[in-house]
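Heads up, the thing below is written out as structure tokens.
Chains as they are written, first to last, in the numbering used here: chain Y, 253 to 591; chain G, 64 to 872.
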């Protein structure tokens, strides 16, 4: 019996050795280890073995089975590995072939700039609000300390609708709407579309966007205005950015200023971009005029505040080096795809 | 405003700085310098020479050979200039020097023109005599310069000295941007006062003393102001024995640098005083003033008047006129009349320096279409005290320049001058507003430089008296700005607001819009931006019915032409125009979206603010069809928590869409938008020769259904059972109707249903289509039995049969 087992084992190993495909190995498994296989046959012959010998022989059969199984599995593993490698060799690709991109759309550069500004100020605790694009004279002018005869109200700047209605020329009216809600402190950011009667050309558009900011609280100072806008400039244009405040005039702020940032192309040494000055004008700002506070029922003796207005297109044009404002309203996908 | 620095220095003699320092300091104290230009740019090695001898050139008829004394040395110069003679003193550029321009007066080359010794037709020439054009200027500014020829200095010019200096070109012209509140700075004196304060140097205003004759102005002129509201002050003085001639060189140069062409002494004086004091003046020939009387009154409606430029002007009752006893002789503050203008024969001059209502002047100038230097200044609203100072200055100059004799006295018709404004001074308020710690002493110094007078009243309060020329200073905030400007904006610290913390947030509406952008872009749509105003013709382009309510658009009273004249009531025109632009430029497979308002009036004309409705508009051509667009919309709805199945009503009633390929989009039984294929006729109107699909979602209608709340409902743990059904359906029944039936009858265990086949054609009889659905059932709490599903399926099938649908086995 023992010889028979040895013989079977040797035969199995030989056949395994000779197999050159997985199916053949399977055949070996079936013919030796299967239900009707040789080893099973040996077990069936146990009835002829003396009862005291049976455990020993059983052990012997199991050992043989294990040995054959082990070799067989090893062979299968090897063969599978070889087969996979062969397949992968056949699947080599040229990785330098062109990429297949999913067609994703692109945001308008204005929106990208606007979301960037919003993100910065929301992070500083500002609430984003909106105001109407068609406004009354009061919110666009009068409540902003722009009296009835101010030249800015002249027809050459403002689109009028008739009666008291006009297309807002600035987002500053949202300041008034916000203050009228009667809740202080205020930290507000109001982006939106504004209109001025300028003919369309490379640097003008009758419709453009501003972002208005307003902070009202006790003890707000001009120093706070400077600090806030310096932070903003660093966030938007990079940590190295320097700011410069120049005195200016706006009816609704006093003191007023314009803020320049160090040119983000040349870093301030002067280039074509900043016309050699090293500085780029970015926004207008100032301390909210006491008359404006008073008209919106906020006591200027108790509260102070600052406001600023950013030209969104100016930021977008500068940041992306767009040289013609008309591109922003043409909506040519070859332009839009670049953002 | 352009001014030569030398003119500023006339009042601030201690001012000493480079041009760049001056520009920086002025800008940082609020008088913004836009640009500056050196007048001696590219003028090098140019001296005054005197021509000793002129000989003919041996080989050229048109050339002469000059021996020129350049101060201790004589050089030979060959020239073609026709106007020089022996003894003339001329500007000579020496070998290796530079001139600014060519003799033709064309545009100046960037680096100037270098001059080198050489030979002209074989004769050595060691320099060049210059025309005024070669010196970078013009005969406009140097009227004495000859046409086509060398500039010739007066006889007293010193040979060998700097010719550029002698011409007054060693100077820099600064261009300022003056803010509208600083009326006082539209004058040389105003800017000089700012410069003195900025550089902490003393300011010397001109000393005005008029040596008048024994006459009495009242004997020459009387003045009556009928409309004192429009003319708060009218000052008049008279000069006699006028001798018209050129004004002195120094005056001409200052005017020229300011961009004003010198004309004659009288005109130049009025212009000079306007520049210097910021007070426009007018000079009348008194002999043309009937009755020697001035009346200031409103014009008559429908009147016509000839201004001194010869033009006829239409007048109306809101325009202020200067009149004599018989007729109108000038439009106040804007332009004088042809009938009283100064000629070279003038003997007696009437000077006018007045203060007019700024808004009235601005509006009148606008209606007349005649904006002059004078009206541009008057419209800012002038200080009435300045009028007297200016008229006296003009008389002084008449006298000093030997232009005439000044008659004693002034006719002054004036409403009571307003008291000088007083503002309570509070150092702490100023520091609190600025966030600074500027000492009172430092503030006092700033006030002194600005001529603000600080006094302590009997009760101990400190009060600032504001000079009349600073009309812009009204309250403590204005004073704080003065302190800030001269303390230095750059020295104010940078801090962040302290106090109660606030939460930064984006409102729900904007978050939904952000989501709309995200989804559109995931689906391949790029964001466009369109104008809010458009042409009323778009309604016809979009085939809107004559009585379509969308034709009721808000009209702009003063549009930039008809194409921008109405506020849009529909967002499609912008989208189609943008798609057309892309189509014409041969861009393939274009997908665009836009988020922008339409403006729906509640009534016309407007009585209240219109309804501004944000529209989410999508448009595409090329790859994709109606159902691609539908997919984008549903993707958006799901992303904002609108989990119900939207309804699509093919009767959207949109003329601009294909009648068989349009749908109104419903959600919870509310119409929230529409989509469809653009009508081919509309495509033609936009010159797009391909199929275009659009969708418009009305964001305010969507907002109530949108939410960012999500609730986890569990992942199915029990197996699902699917049943497929195949039907023969009358053609007019929409799959939407079938789905509604399945949804309605499917009960709690209905999980999903999917259309997997739809077919019309040869195997199906006329008027019918074959439709197949796969319906999935699943229970949350148990494994479904066949019987559960069979019962529900029976209900569904009964329902479908009730609709006239046949089931195929």
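Ideal placement from N, C-alpha and C gives every residue a C-beta, glycine not left out. Because the structure is a prediction, the values reported are computed rather than measured.
Residue 344 of chain G beta carbon less than 7 Å from that of residue 416 of chain G: Residue 416 of chain G sits at position 353 when you count from the first residue of the second chain. Residue 344 of chain G sits at position 281 when you count from the first residue of the second chain. In contact: residue 416 of chain G and residue 344 of chain G (Cβ atoms closer than 7 Å).
The stretch 65 to 73 of chain G touching the stretch 309 to 321 of chain G, judged by at least three CB pairs closer than 8 Å: yes
Simplified DSSP assignment, three categories, for residue 841 of chain G: For the purposes of this step, residue 841 of chain G is taken as the residue at position 778 of the second chain. Reduced to three states, the DSSP call for residue 841 of chain G is coil.
Length-filtered (3 minimum) beta strand (DSSP E) runs lying within the stretch 334 to 411 of chain Y: Qualifying beta strand (DSSP E) stretches, in chain order: 386 to 388.
Neighbour flag for residue 299 of chain Y against chain G, beta carbons, 7 Å: Position 47 of the first chain holds residue 299 of chain Y. No, no contact with chain G.
As assigned by DSSP and simplified to three states, the class of residue 65 of chain G: By one-based count along the second chain, residue 65 of chain G stands at place 2. In the structure shown, residue 65 of chain G sits in a strand (DSSP, three-state: E or B).
Residues that residue 582 of chain Y contacts on chain G, provided the C-beta gap is smaller than 7 Å: Counted from its first residue, the first chain places residue 582 of chain Y at position 330. The contacting residues are 644.
Proximity to residue 472 of chain G [Cα-Cα], best of G:772, G:278, G:835: Start at 1 with the first residue of the second chain, and residue 472 of chain G comes out as number 409. With distances taken between Cα atoms, residue 472 of chain G lies closest to G:278.
For residue 736 of chain G: DSSP bridge partner residues: Translated into positions along the second chain, residue 736 of chain G becomes position 673. G:728, G:760, per the DSSP bridge assignment.
Start and end residues, alpha helix (DSSP H) containing residue 581 of chain Y: Along the first chain, read from residue 1 onward, the residue named residue 581 of chain Y stands at position 329. Note, residue 581 of chain Y: alpha helix (DSSP H), 579 to 582.
Endpoints, beta strand (DSSP E) assigned at residue 40 of chain G: Nothing about residue 40 of chain G can be reported from this structure: the residues present for chain G run from 64 to 872 only.
CB contact check: residue 554 of chain G to chain Y, cutoff 7 Å: The residue labelled residue 554 of chain G in the question sits at position 491 within the second chain. Any Cβ of chain Y closer than 7 Å to the Cβ of residue 554 of chain G would place that residue at the interface, and such an atom is absent.
Burial state of residue 548 of chain G, where buried means 16 or more other Cβ atoms lie within 10 Å: Taking the first residue of the second chain as 1, we reach residue 548 of chain G at position 485. Buried is the call here.
Rounded C-alpha distance that separates residue 370 of chain G from residue 293 of chain G: Position 307 of the second chain, counted from the first residue, corresponds to residue 370 of chain G. Position 230 of the second chain, counted from the first residue, corresponds to residue 293 of chain G. One C-alpha to the other measures close to 20 Å.
Residue 767 of chain G - DSSP class collapsed to helix/strand/coil: In the second chain, the residue the question calls residue 767 of chain G occupies position 704. Under the three-state reduction of DSSP, residue 767 of chain G is assigned to helix.
Chain-ordered neighbours of residue 653 of chain G on chain Y, where CB pairs are closer than 7 Å: Position 590 of the second chain, counting from 1, holds the residue named residue 653 of chain G. Those are 585, listed as they occur along chain Y.
is_contact[residue 519 of chain Y, chain G] using C-beta, thresh 7 Å: Stepping through the first chain from its first residue, residue 519 of chain Y is reached at position 267. No, residue 519 of chain Y does not count as interfacial toward chain G.
Beta-carbon proximity of residue 561 of chain Y to residue 536 of chain Y, cut-off 7 Å: Taking the first residue of the first chain as position 1, residue 561 of chain Y is located at position 309. Taking the first residue of the first chain as position 1, residue 536 of chain Y is located at position 284. In this structure, residue 536 of chain Y lies closer than 7 Å to residue 561 of chain Y by Cβ.
Alpha-carbon spacing of residue 631 of chain G relative to residue 766 of chain G, whole angstroms: Counted from its first residue, the second chain places residue 631 of chain G at position 568. Counted from its first residue, the second chain places residue 766 of chain G at position 703. The straight-line gap from Cα to Cα measures roughly 22 Å.
Proximity to residue 663 of chain G [Cα-Cα], best of G:681, G:718, G:603, G:596: Numbered from 1 along the second chain, position 600 holds the residue referred to as residue 663 of chain G. It is G:596 whose Cα lies nearest to the Cα of residue 663 of chain G.
Contained alpha helix (DSSP H) runs [length at least 4] in the stretch 277 to 346 of chain Y, N- to C-terminal order: 290 to 296, 306 to 342
The stretch 265 to 276 of chain G / the stretch 422 to 435 of chain G touching (three or more Cβ pairs under 8 Å): No, the stretch 265 to 276 of chain G is not in contact with the stretch 422 to 435 of chain G.
Buried or exposed by the 16-neighbour rule on C-beta atoms within 10 Å, applied to residue 478 of chain Y: By 1-based counting over the first chain, the position of residue 478 of chain Y is 226. It is buried - the Cβ of residue 478 of chain Y has at least 16 other Cβ atoms within 10 Å.
Closer than 7 Å to chain Y by CB, residue 427 of chain G: In the second chain, the residue the question calls residue 427 of chain G occupies position 364. No, no contact with chain Y.
Interface flag, residue 11 of chain G vs chain Y, CB-CB below 7 Å: The shown model of chain G, from 64 to 872, leaves out residue 11 of chain G, and the question about it has no answer.
Nonlocal neighbours in the same chain, by C-beta distance under 8 Å from residue 582 of chain G, ignoring five residues either side: In the second chain, counting from the first residue as 1, residue 582 of chain G sits at position 519. Taking residue 582 of chain G as the centre and dropping the five residues before and after it, the same chain places the C-beta of 695, 698, 699, 702 closer than 8 Å to its C-beta, in chain order.
Neighbour-count burial assignment, residue 459 of chain G, 16 or more Cβ in a 10 Å radius: Position 396 of the second chain, counting from 1, holds the residue named residue 459 of chain G. Classified as buried, residue 459 of chain G has 16 or more neighbouring CB atoms from the shown chains inside 10 Å of its CB.
Expected contact under 8 Å - CB spacing of residue 381 of chain Y and residue 426 of chain Y to nearest Å: Sequence index remark: in the first chain, residue 381 of chain Y carries index 129 (1-based). Sequence index remark: in the first chain, residue 426 of chain Y carries index 174 (1-based). About 6 Å separates the Cβ atoms of residue 381 of chain Y and residue 426 of chain Y, confirming a contact at the 8 Å cut-off.
C-beta atoms of residue 464 of chain Y and residue 423 of chain Y nearer than 7 Å: Walking along the first chain from the start, residue 464 of chain Y turns up at place 212. Walking along the first chain from the start, residue 423 of chain Y turns up at place 171. A contact, by the Cβ cut-off of 7 Å.
Of the residues Y:332, Y:587, Y:365, Y:258, the one placed nearest residue 315 of chain Y, counting alpha carbons only: Here residue 315 of chain Y refers to the residue found at position 63 when the first chain is read from its first residue. Closest in C-alpha terms to residue 315 of chain Y, from the list Y:332, Y:587, Y:365, Y:258, comes Y:258.
Exposure of residue 345 of chain Y, with buried meaning 16 or more beta-carbon neighbours within 10 Å: Position 93 of the first chain, counted from the start, is the residue given in the question as residue 345 of chain Y. Counting Cβ neighbours within 10 Å, residue 345 of chain Y comes out exposed, since fewer than 16 surround it.
Where residue 621 of chain G falls: helix, strand or coil (DSSP): Reading the second chain from its first residue, position 558 is the one you call residue 621 of chain G. Here residue 621 of chain G sits in coil by DSSP.
is_contact[residue 546 of chain Y, chain G] using C-beta, thresh 7 Å: Locating residue 546 of chain Y in the first chain gives position 294, where the first residue counts as 1. Under the 7 Å criterion on CB atoms, residue 546 of chain Y is classed as non-interfacial with respect to chain G.
Coil, strand or helix - residue 334 of chain G by DSSP: The sequence position of residue 334 of chain G within the second chain is 271, counting from 1. Residue 334 of chain G: helix per DSSP, three-state reduction.
Touch test, the stretch 321 to 339 of chain G against the stretch 386 to 401 of chain G, Cβ-Cβ under 8 Å, three pairs minimum: For the pair of segments examined, the stretch 321 to 339 of chain G was found not to touch the stretch 386 to 401 of chain G: the number of CB pairs separated by less than 8 Å stays below three.
Closer than 7 Å to chain G by CB, residue 377 of chain Y: Here residue 377 of chain Y is taken as the residue at index 125 of the first chain, counted from 1. At least one CB atom of chain G sits nearer than 7 Å to the CB of residue 377 of chain Y.
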